[in-house]
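Under the numbering used here, the residues of the sequence shown are numbered 3 to 69, in order.
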Amino acid sequence: MGWFDGHLHEFEIVNPLSGTKTIIGIPNEDEDFANYKTLPGWKQKIADYFSKENKGVKTIYIKTIID
């Protein structure tokens, strides 16, 4: 079973090499005005961010309503 970009989402995790918060998901063109950048999930494996010390990830699901 894998992850299938079926809805907007972000994974917020600490980069074990730099110790900084990293956001992985589907980039948004409005991010040019934000204080963060989302790394494309199709280029970044979140598994690479896990270690014995770094076991957790915050998952954000974005519900969209289309009329």
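By construction, the Cβ of each residue, glycine as well, lies at the ideal position given by its N, Cα and C atoms.
Item to complete: Report buried or exposed for Thr22, applying the criterion of at least 16 other Cβ atoms within 10 angstroms of its Cβ.
Response: Looking at its Cβ environment, which holds fewer than 16 other Cβ atoms inside 10 Å, Thr22 is exposed.
Worksheet item: Can you check whether the CB of Leu41 is closer than 8 Å to the CB of Ile28?
Response: Taking 8 Å as the cut-off, the beta carbon of Ile28 is found no closer than this to the beta carbon of Leu41.
Practice prompt. Could you check what DSSP says for Glu31 in three-state terms: helix, strand or coil?
Written response: In the three-state scheme derived from DSSP, where H, G and I count as helix and E and B as strand, Glu31 is classed as helix.
Worksheet item: Nearest CA to the CA of Ile26: which residue from Gly58, Ile15, Ser20?
Response: Across the set Gly58, Ile15, Ser20, the C-alpha of Ile15 shows the shortest separation from the C-alpha of Ile26.
Fill in: Three-state secondary structure assigned by DSSP to Tyr38
If DSSP states are grouped into helix, strand and coil, Tyr38 belongs with coil.
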